[in-house]
């Protein structure tokens, strides 16, 4: 979760998308709670939120994979150095 | 709130494209429908100006121009620093959002009439006024020292483009010939919603055909295309209430603030900022903001007005 937050804060575009999705969903929810039609806004907000979530998850996945090969390389190198 | 019947045609057009139905919509017919809508809106505004025009329109017009200057100034830093777009693209897209969409305006008028919400009928005057300031701001934002703008060609594009010329022309004709309007009323006023339905059918097909561009651009594009109309809409709504407009008028000003141009500004931007990616701007305004405004945005702006006035 901490790592997810770190990546979200670094990736300005995803952060903007998350914020937009959240605001749009909240407007839709408050419209619905007052008896207005907010279903469209809720759907749009949820779509933006889920896309931003997928994008952040992909970034998280990429950083994990970027770290692991280097780790395995050092493991391979260490016995030789010794 | 029931969906307007004209909007159902927009959904039909989008669905037809998504299921790859072979609907041939002649380009000339689409152009003809656009001309019709521009003339009808201009005429309605001109007649209303002749009947209700007063000196209070001058300060209102000044504030509307201010709105057109402020919106691109909000859009530009978001695109440049969050969206990481280059200066030219950011300025061009910002100009699109500062200007107005005549199609969205027509849908908003139909929506208000269906809901029996009264509005100031001279609104086409504000549509005309909002076309130009954003183009000027867009050019100023894109310009680097040493850049040369072909002002003559640009001014021709800004003031003699199809939407500006027909809208202003019809506004003046409506103002001048308000007492004779009965002779052309059956065509331009009574058929308005039917023509709008056909126009939206084509727009639905155009918007759906650009969905593949969205897949390539990522989630920022979708978020910006939704966030910016809401920001512009909220500003327009607040300004409309401050100006003392009716709730329908404030909603219409919100629609103007929240819409993005796809006719007048693209033509001007091609001349003013030739290095910008113009298909990117069109994708933002046509594939995201126009469908959002038509399907969700317009009732939301009416809701903003309701919340702010109560």
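Residue numbers (this note's numbering), protein chains in the order written: chain X, 1 to 82; chain C, 83 to 392.
Glycine included, C-beta positions come from ideal geometry on N, C-alpha and C.
Keep in mind the model is a prediction, meaning the values are calculated, not measured.
From residue i to residue j, what distance separates their C-alpha atoms?
{"i": "residue 216 of chain C", "j": "residue 150 of chain C", "result": "5 Å"}
{"i": "residue 99 of chain C", "j": "residue 296 of chain C", "result": "15 Å"}
{"i": "residue 366 of chain C", "j": "residue 303 of chain C", "result": "7 Å"}
{"i": "residue 88 of chain C", "j": "residue 112 of chain C", "result": "16 Å"}
{"i": "residue 264 of chain C", "j": "residue 256 of chain C", "result": "11 Å"}
{"i": "residue 14 of chain X", "j": "residue 52 of chain X", "result": "5 Å"}
{"i": "residue 274 of chain C", "j": "residue 17 of chain X", "result": "38 Å"}
{"i": "residue 316 of chain C", "j": "residue 337 of chain C", "result": "9 Å"}
{"i": "residue 345 of chain C", "j": "residue 276 of chain C", "result": "21 Å"}
{"i": "residue 261 of chain C", "j": "residue 172 of chain C", "result": "46 Å"}
{"i": "residue 97 of chain C", "j": "residue 242 of chain C", "result": "35 Å"}
{"i": "residue 38 of chain C", "j": "residue 43 of chain X", "result": "Nothing about residue 38 of chain C can be reported from this structure: the residues present for chain C run from 83 to 392 only."}
{"i": "residue 176 of chain C", "j": "residue 21 of chain X", "result": "21 Å"}
{"i": "residue 24 of chain X", "j": "residue 46 of chain X", "result": "8 Å"}
{"i": "residue 174 of chain C", "j": "residue 224 of chain C", "result": "8 Å"}
{"i": "residue 152 of chain C", "j": "residue 135 of chain C", "result": "26 Å"}
What three-state label does DSSP hand residue i in the structure shown?
{"i": "residue 381 of chain C", "result": "helix"}
{"i": "residue 178 of chain C", "result": "helix"}
{"i": "residue 121 of chain C", "result": "helix"}
{"i": "residue 355 of chain C", "result": "coil"}
{"i": "residue 187 of chain C", "result": "helix"}
{"i": "residue 345 of chain C", "result": "coil"}
{"i": "residue 301 of chain C", "result": "helix"}
{"i": "residue 11 of chain X", "result": "coil"}
{"i": "residue 325 of chain C", "result": "coil"}
Starting from the Cα of residue i, find the closest Cα among the options and give me that residue.
{"i": "residue 67 of chain C", "options": "C:328, C:314, C:361", "result": "Missing from the structure shown is residue 67 of chain C; chain C here goes from 83 to 392 and no further."}
{"i": "residue 213 of chain C", "options": "C:147, C:133, C:275", "result": "C:147"}
{"i": "residue 181 of chain C", "options": "C:329, C:371, C:387", "result": "C:371"}
{"i": "residue 364 of chain C", "options": "C:339, C:386, C:307", "result": "C:307"}
{"i": "residue 142 of chain C", "options": "C:360, C:272, C:207", "result": "C:207"}
{"i": "residue 130 of chain C", "options": "C:340, C:204, C:351", "result": "C:204"}
{"i": "residue 106 of chain C", "options": "C:280, C:245, C:125, C:218", "result": "C:280"}
{"i": "residue 244 of chain C", "options": "C:391, C:198, C:102, C:124", "result": "C:124"}
{"i": "residue 310 of chain C", "options": "C:92, C:267, C:155, C:128", "result": "C:155"}
- Message: Between the stretch 284 to 296 of chain C and the stretch 369 to 382 of chain C, can you find at least three pairs of beta-carbon atoms closer than 8 Å?
- Response: The answer is yes - the stretch 284 to 296 of chain C touches the stretch 369 to 382 of chain C, with three or more Cβ pairs under 8 Å.
- Query: With a cut-off of 8 Å, do at least 3 Cβ pairs link the stretch 178 to 198 of chain C to the stretch 328 to 347 of chain C?
  - Reply: Touching, yes.
- Query: Just checking, does the stretch 159 to 168 of chain C make contact with the stretch 231 to 242 of chain C on the three C-beta pairs under 8 Å criterion?
  - Reply: Counting Cβ pairs under 8 Å, fewer than three are found: no touch.
- Is the number of C-beta pairs between the stretch 244 to 264 of chain C and the stretch 114 to 122 of chain C that are closer than 8 Å three or more? Touching, yes, given that three or more Cβ pairs across the two stretches are closer than 8 Å.
- Message: Does the stretch 162 to 172 of chain C come into contact with the stretch 237 to 244 of chain C, if we say contact requires no fewer than three beta-carbon pairs (one atom in each stretch) closer than 8 Å?
- Response: Touching, no.
- Taking the runs of the alpha helix (DSSP H) that are 4 residues or longer, which of them lie wholly in the stretch 116 to 173 of chain C? With a minimum length of 4 residues, the continuous alpha helix (DSSP H) runs that stay inside the stretch 116 to 173 of chain C are 139 to 159.
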